[in-house]
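Chains as they are written, first to last, in the numbering used here: chain F, 2 to 159; chain R, 9 to 291; chain Z, 32 to 819. Positions of the beta carbon are idealized from the N, C-alpha and C atoms, including for glycine.
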Amino acid sequence: MAETVNITVNGTQHSKEVEGRTLLVHFLRDTLGLTGTHVGCDTSSCGACTVHINGKAVKSCSMLAAQADGKSITTIEGMANGDELHPLQESFREKHGLQCGFCTPGMIMTAADLLNHNPNPSETDIREALEGNICRCTGYHNIVEAIKDAAEKMAVPA
Amino acid sequence: MLPNTVDYYRASSVSDALNVLKANPDAKILAGGHSLIPAMKLRLNSPSMVIDIANLSDLNYIKEEGGNIRIGAMTTHGQIAHSSLLAEKLPLFTETADVIGDVQVRNMGTIGGSIAHADPSADWPAALLAADASIVVTNGDETRSIPATDFFVGFFSTALEEGEIITEIQVPVPATGTKMTYQKFMQPASRFAIVGCAAMAKVENGVVADVKVAFTGVSDGPFRDGNVEAAISGKTTTAENIASAAAQAASDVNLNADHYADEDYRQHLARVYAKRALSAVCG
Amino acid sequence: MSNKYIGQSVKRVEDKRFITGEGRYTDDIVLPRMVHAYILRSPYAHARIKSIDTSEALAMKGVVAIYTGKDFENINGVPCGWQVNFKDGTTMREPKHPLLVLDKVKHAGDGVAMVVAETKEIAADAAEAINVKYEVLKAVTNPKEALAPGAPLVHDEYPDNIAFDWQIGNDKAEVDAAMDSAHHITKLDFTNNRVVPNAMEPRSYIGDYDTAYDRYTLYTSTQNPHLIRLLMCAFVLGIPEHKVRVVGPDVGGGFGSKIYHYTEEALVTWAAKQLRRPIKWTSDRSEAFLTDAHGRDHVSTAEMGFDKDGHIVGLRIKTYANLGAYLSTFASAVPTYLHGTLLQGVYTTPKIHLDMTCVFTHTTAVDAYRGAGRPEATYLLERLMDVSAHEMGIDPAELRFKNFIPPFDGVNQAGYQTQVALQYDSGNYHAVLERGLEMLGYADFKEKQAEARKNGKLLGVGFSTYIEACGIAPSAVVGSLGARAGLFESAQVRVQPTGKVNVYTGSHSHGQGHETSFAQVVADKLGIPLADVEIIHGDSDAVAFGMGTYGSRSLAVGGSAIVKSIEKVLEKGAKIAAHKLECSTDDLDFADGKWTVKGTDKSIGFGDVALTAYVPHVYPANLEPGLDFSSFYDPANFTYPFGCHIAVVEVDAETGKVTIKRFVAVDDVGNVINPMIVEGQIHGGLAQGIGQALLEGVIYDENGQLTTGTFMDYAMPRADDLPMFETDRKTTPCPHNPLGVKGAGEAGAIGSTPAVVNAVMNATWHLGVRDLEMPLTPQRVWRAMNHK
Ligand SMILES: Cc1cc2nc3c(=O)[nH]c(=O)nc-3n(C[C@H](O)[C@H](O)[C@H](O)COP(=O)(O)OP(=O)(O)OC[C@H]3O[C@@H](n4cnc5c(N)ncnc54)[C@H](O)[C@@H]3O)c2cc1C
Ligand code: FES
Ligand code: FES
């Protein structure tokens, strides 16, 4: 049975028909063409699909598009402000927090959730916050550095 | 894999959800979806309809009333982890919520969904047992309050009957001076509990009183460990007393086994974690 | 010439698209009229297919086609790329690996049918409606058990499950004699655990066929597009290579698993022509566990002999390598030429013999995984060194110093000839261990350890001094060893009229940052800004040819090819410059992007020369216009990076859980173009090597079912499993390539695994723990500590 969903994604309102079983991640990738949100597993384990719903990090592979009806979603594509990158995006680049880039959108979205709650996280806080995100390339060292760096950047009043 | 076809229904109220559930016995309640949807994706579970109750804000609250902490079934693990009321009155719950899954899971998964699902490795059941919680359920006509000890009846099974949903978890506010902890030994891949031990105790004049110890992960269902409780009750809080009480843990239960922990090792871990939990609450 | 970029941690140019979500991986690509494939796979490890009924599935709305093994009876399977012969000279056994199975499935996950449908959901639904009847047979998953008489046969035509046997090193009798003379022998039984590469991007392919031009396009998450094209065209589908374009767009990690030519690549390409529609197939993660080639899986008995002063006198090894059900592309090379040839390690061992038996089992194919053969060799050597040191009462660092090959630079001192065929290029093994010990603070550590032990804490340190062969490989050498391809690399440097430069490389980046480090080389060599260089890779229509990226070869081989082309550009540029400046080329110096007449300030810039090459109004006679050169570079030798890895661990005495407290890595990968990228490569390798030691390991049950088939069962390092890494580098340049680089992609995964295991043994030695099978799960460690 088709459902109509009204979802705001990165500030743009969409009204679309979806199947009841359509996962949010497929809605974003296939229906809206926002392919920055990735699928790395089928057991809700890897976090590559992480987006924000009403400001909170969630795994978009583990919910139906219909569940997001009426909600506001931010994906990696919505993190930069025009040409101005989000501090996390900047820091991931500066600290070499990515290699193949596949886990990166999910990492950045999860890190953004952390910094929303905890603007000054310790190394342990960061590592714990990344518990739901797997990176196979970086060994996490530079991801931790990048998030620390972004926290510092964000602490400086603009 | 992708889920089978399914109808999606968004409930407008608890009674609406119950009515639709009654009319569609194949339907499943959809709370945070973080047990149900992963199972649907692997086609281990293919309900004909899901009834989404996530938007029922009257099931989402944490409050203290009449000597009880009351938590709405749709309260997420994340909300519990960040609750200042619970941090003060029932830190066992914030501590437990904090080690469930990961940030993303905690932002979606609910306490009601977790206990309805009754995964033998889930964290909440141990905490609920140790806290003497009751689970409030309703089928629309009748509302019952089921003590946690009666609620969890075994492997993925509960006292919940067809057509019933969980609305609330109630916990008597622990007496002042009660200490509590949840200690978890994680399966390294799934990060569910291989052994989770929740404990509460009050030490009066150097003697352990009111002690409750509960396990998850160890057996086919969560359980209160009466042997440990009896062995430490009324004893002084010496390391020897704690160690010998902990050594009783998981003695007369069926032990789970998998490639991360066979029966022997799991029992050993239960004892280590009982010791750690008791040391934390009897300090 | 001054280097502005080489040696600097230039930020990566490719990052912009990845951090904004604009990376373009295969599954992100949508073609008009595209349909979706789903592959129905065998739930059994070993079974005969009695019948397949697709009628119900075919009738479902939205189903376009269903193919089964019958459709491929007369089409070849995917080939193995490396021929190894039995000891007696007969050719290895090479069973057909069909695109879809016709009669007998040989591992859980073997492809049985392909459904093509309008959406991936419909394809999955239809696959469920296919009715396959199986006769289930007994399966065998362990290589030694597969050799037992009466063991179930993987391929009915090979009555002993042996793919081939093989040996390397000195004459066996000489090695036996050396061992007989030994004062002390350490003997260990090893299992090198089977691991799953698990690149985060699951494999994904799109096949497309253009009727108008009779041309195929395959988009594939591969590490080597040209190699896939060659294998698929020439060996599998028999379609003309010049009518096929293979594109490897952004690829989300490989670690070896995306080198190989997989059945699904050929399936979507073939079916695209049948259906005249583009077809996409993307693997699920659980499907990846069953079908991506796995790594390692050796069972060995190894002995190391020492004289009374602690010098190694001999090394004798018997190994059974599990190759899985089919021979994957490089499967036969990994346990042999990438493993046996590294058994010299960094030591002066005078006599070495490896006896290898490679075995078929009812499991997923095993092939190269980060390090490929070299981690297995390093693991044997470094564990043996460690246990020997303990047994002989010599400090493990001391025992290594005693046995190191003395430093040699490959220029003033000759390369080191090993007992196992290779000649090392240059090395200074003392230096890395010395630096490692210094970073560790070994003396302090020993005090801390004693102190910790008093408080009931189990602290341990473990060393590993590794060497690897990278920059693969000289074509003539590998050809003589059975490779069915050359291992050169190609590069084209195309200077545009405005002096901007496009570089086309046959190397492929799937995380390594070629677009940056290659551009650094080009910009410096040409004296132009980095922004004026673009690196293009991964498209067989754009790039002349390529052997791709694996074996830490990109910079050493691909980078050297680029340097060759740049040299040609500069040579021709000098002719143009000389003409314009009215002098001889001998009178010119090239520096900082311009040619200057020696001793004068008369000069002409690179951009002017480029423009002149394309607007050749005033131009040397007999010189062609244009400034565009291609080269192929075939290396003279492998390169031999090495290093020292040190792990400090704490073992929870009650639970057996191991925590990495510190990890020190000192690597010598030759010259370094971009230290930031090299360090990142080391970090990633360390995580995988530590993962193999502590967390990762495939388990098959007695029926051949993969017990560890999802991320919920197969543990990999997460952020909170690892510490911050302490890294440093030493530099011994490679003497035989123009950049002096050796390669850094695999080092981390090679050195770290035994360092961790050695550290755990060091922490628990006094409790009687000598050796343990990886991964060192808490349960295993606890059992060993308690002798259970
Ligand atoms: C990656 C991952 C890691 C996880 N790790 C952990 C962990 O470490 N520890 C842990 O304890 N859990 C873990 N979980 C499970 C998680 O806590 C789930 O959120 C929880 O088990 C189910 O809650 P839910 O709200 O998501 O329920 P749902 O998935 O929506 O529902 C689960 C079941 O309960 C039923 N149900 C839901 N709500 C009600 C209700 N109010 N009344 C009656 N029936 C109801 C549903 O019909 C369904 O059958 C993990 C999950 C994931 C995906
Ligand atoms: S794709 Fe969502 S957690 Fe892996
Ligand atoms: S950068 Fe490749 S998985 Fe993280």
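Of the listed residues the options, nearest to residue i (C-alpha basis)
| i | options | result |
| --- | --- | --- |
| Z/Thr670 | Z/Ala724, Z/Thr763 and Z/Tyr731 | Z/Thr763 |
| Z/Ala403 | Z/Gln523, Z/Ser288 and Z/Arg515 | Z/Ser288 |
| Z/Asp572 | Z/Thr322, Z/Gly279 and Z/Ser40 | Z/Gly279 |
| Z/Tyr664 | Z/Asn223, Z/Pro769 and Z/Glu429 | Z/Pro769 |
| Z/His56 | Z/Met231, Z/Ile199 and Z/Asp245 | Strictly speaking, residue 56 of chain Z in this sequence is Tyr, with His absent from that position. It is Z/Met231 whose Cα lies nearest to the Cα of Z/Tyr56. |
| Z/Tyr293 | Z/Ala303, Z/Lys488, Z/Ser252 and Z/Ser331 | Z/Ser252 |
| R/Pro196 | Z/Asp759, Z/Ala750, Z/Ala297 and Z/Lys761 | Z/Ala750 |
| Z/Gly100 | Z/Gly38, Z/Arg79 and Z/Ser662 | Z/Arg79 |
| F/His39 | Z/Tyr473, Z/Gly735 and Z/Glu53 | Z/Glu53 |
| Z/Gln543 | Z/Lys42, Z/Leu130 and Z/Arg347 | Z/Lys42 |
| Z/Phe476 | Z/Lys692, Z/Gly269 and Z/Ser596 | Z/Lys692 |
| Z/Lys35 | Z/Leu717, Z/Asp752, Z/Tyr745 and Z/Ala562 | Z/Ala562 |
| R/Thr157 | R/Cys205, R/Pro133, R/Glu237 and R/Ile174 | R/Pro133 |
| Z/Gly590 | Z/Ala554, Z/Asn734, Z/Asp618 and Z/Arg316 | Z/Ala554 |
| F/Thr36 | Z/Pro528, Z/Thr367, Z/Val61 and Z/Gly510 | Z/Val61 |
| Z/Thr529 | Z/Pro560, Z/Gln551, Z/Gly510 and Z/Arg260 | Z/Pro560 |
Cutoff 8 Å; reference residue i; Cβ partners in own chain excluding five residues on either side
| i | result |
| --- | --- |
| Z/Ser634 | Leu612, Lys625, Trp626, Thr627 and Val628 |
| Z/Arg246 | Tyr240, Lys274, Val275 and Arg276 |
| R/Phe164 | His125, Ala126, Asp127 and Pro128 |
| R/Glu5 | A question about residue 5 of chain R goes unanswered here, because the residues of chain R that appear run from 9 up to 291. |
Sequence-distant residues of the same chain with beta carbon closer than 6 Å to residue i, five excluded per side
| i | result |
| --- | --- |
| R/Pro11 | Met48 and Lys49 |
| Z/Val146 | Tyr69, Ile97, Ala154, Ala157 and Ala158 |
| Z/Ala790 | Gly491, Val492, Gly493, Ala678 and Val680 |
| Z/Ser314 | Pro233 and Arg234 |
| R/Asn235 | Gln256 and Ser259 |
| F/Ala3 | Glu18 |
Interface flag, residue i vs chain F, CB-CB below 8 Å
| i | result |
| --- | --- |
| Z/Val282 | yes |
| Z/Gly52 | yes |
| R/Lys49 | yes |
Proximity below 8 Å, CB of residue i to CB of residue j
| i | j | result |
| --- | --- | --- |
| Z/His138 | Z/Asn223 | no |
| Z/Thr795 | Z/Ala815 | yes |
| Z/Val600 | Z/Val534 | no |
| Z/Asp141 | Z/Arg72 | yes |
Distance between beta carbons of residue j and residue i, contact taken as under 8 Å
| i | j | result |
| --- | --- | --- |
| R/Tyr69 | R/Gly80 | 4 Å |
| R/Gln250 | R/Lys220 | Residue identity check: residue 250 of chain R is Ile in the sequence provided, not Gln. Actually they are not in contact, since the Cβ atoms of R/Ile250 and R/Lys220 sit about 15 Å apart, beyond 8 Å. |
| R/Ala207 | R/Leu286 | 6 Å |
| Z/Val418 | Z/Asp802 | 7 Å |
| Z/Phe221 | Z/Leu411 | 6 Å |
| R/Leu137 | R/Ile123 | So it is not a contact: roughly 11 Å between Cβ atoms. |
Beta carbon proximity, residue i to chain R, threshold 8 Å
| i | result |
| --- | --- |
| F/Arg94 | no |
| F/Asp126 | no |
| Z/Ala892 | An answer regarding residue 892 of chain Z cannot be provided, because it is not within the stretch 32 to 819 covered by chain Z. |
| F/Gln68 | yes |
| Z/Tyr745 | yes |
Sequence-distant residues of its chain with Cβ nearer than 7 Å to residue i (five each side left out)
| i | result |
| --- | --- |
| Z/Gly341 | Met423, Ile425, Leu430 and Lys433 |
| Z/Leu385 | Gln198, Ile199, Gly200, Ile348, Thr350, Gly371 and Leu374 |
| Z/Val689 | Val680, Val682, Leu725, Val791, Leu807 and Val812 |
Chain A within 8 Å of residue i, Cβ atoms only
| i | result |
| --- | --- |
| R/His90 | Looking for chain A here will not work: the only protein chains present are F, R and Z. |
CB contact below 8 Å: residue i versus chain Z
| i | result |
| --- | --- |
| R/Leu82 | The displayed chain sequence assigns Met, not Leu, to residue 82 of chain R. It does not; no Cβ of chain Z falls within 8 Å. |
| F/Phe28 | no |
| F/Phe129 | Contrary to the premise, residue 129 of chain F reads as Glu rather than Phe in this sequence. True, the Cβ-Cβ gap to chain Z drops below 8 Å. |
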